[in-house]
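Participant: Per the working numbering, the sequence shown starts with residue 650, numbered consecutively.
Idealized CB from N, CA, C, for every residue including glycine.
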Amino acid sequence: MKNPFLLTIFFLCGLSGCSETSPEQLKEIYSVSRSSDGGYTASIEVRANHAAQQDKFSQNAFNEICTGQATITSRSVSAPFDKQTTYTQKTWNPAIGQLVQTASFPVNTPHVRMTYRFECA
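1. Within 10 angstroms of the Cβ of Ala728, are there 16 or more other Cβ atoms? Answer buried if so, exposed if not.
2. Evaluate contact between the stretch 744 to 754 and the stretch 677 to 694, counting only Cβ atoms and requiring at least three cross-stretch pairs below 8 Å.
3. I'd like the span of the alpha helix (DSSP H) that includes Asp731, first residue to last.
4. On the CB-based measure, 16 or more other CB atoms within 10 Å of its CB, does Leu664 come out buried or exposed?
5. Assuming contact is defined by CB atoms lying nearer than 8 Å, are Ile643 and Gln708 in contact in what I supplied?
6. Kindly list the residues whose CB is nearer than 6 Å to the CB of Gly687, restricted to its own chain and excluding five residues on each side of it in sequence; keep chain order.
7. In chain order, what residues of the same chain have a beta carbon less than 6 Å from the beta carbon of Asn742, not counting five sequence neighbours either side?
8. Per DSSP, what kind of secondary structure is Glu669 in: helix, strand or coil?
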């Protein structure tokens, strides 16, 4: 599945004004597929503790994909599962005036798979 760190960067950039993500890129991030009834199915893995906020991000992404208003018709959340991610520790180095990486190691973090069905207006 997609890298959760890239997804987090995507959402933070959306809030802070980074370059926009195209509808085609969003379709890839959300693994969007067309349903036989004309709607769409989308699926994304997120950290379990981010699931509550994901609906807002997903609604905005689906609106972009639809280039207008999208309606979420169903939503399901999987049971939590462990996914290996990389924990990176950074420390401020006053000599160079920036954060520097001091440690990096794999950790298992609880994730959920969120699956949506949505329709474009």
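Facilitator: Once the coordinates are examined:
1. Exposed.
2. Fewer than three beta-carbon pairs drawn from the stretch 744 to 754 and the stretch 677 to 694 are found closer than 8 Å, and the two stretches are therefore not classed as touching.
3. Counting along the chain, no alpha helix (DSSP H) covers Asp731; the unbroken beta strand (DSSP E) around it starts and ends at Phe730 to Asn742.
4. Low per-residue confidence applies at Leu664: pLDDT is 48, beneath 50, and the placement is therefore not dependable enough to give any value.
5. Only positions 650 to 770 of the chain appear in this structure, which leaves residue 643 out of reach.
6. There are no such residues.
7. Cβ-Cβ distances below 6 Å link Asn742 to Val749 in the same chain, with the five nearest sequence neighbours on each side left out; the list follows chain order.
8. Looking at Glu669 - three-state DSSP - the assignment turns out to be coil, as it is neither helix nor strand.
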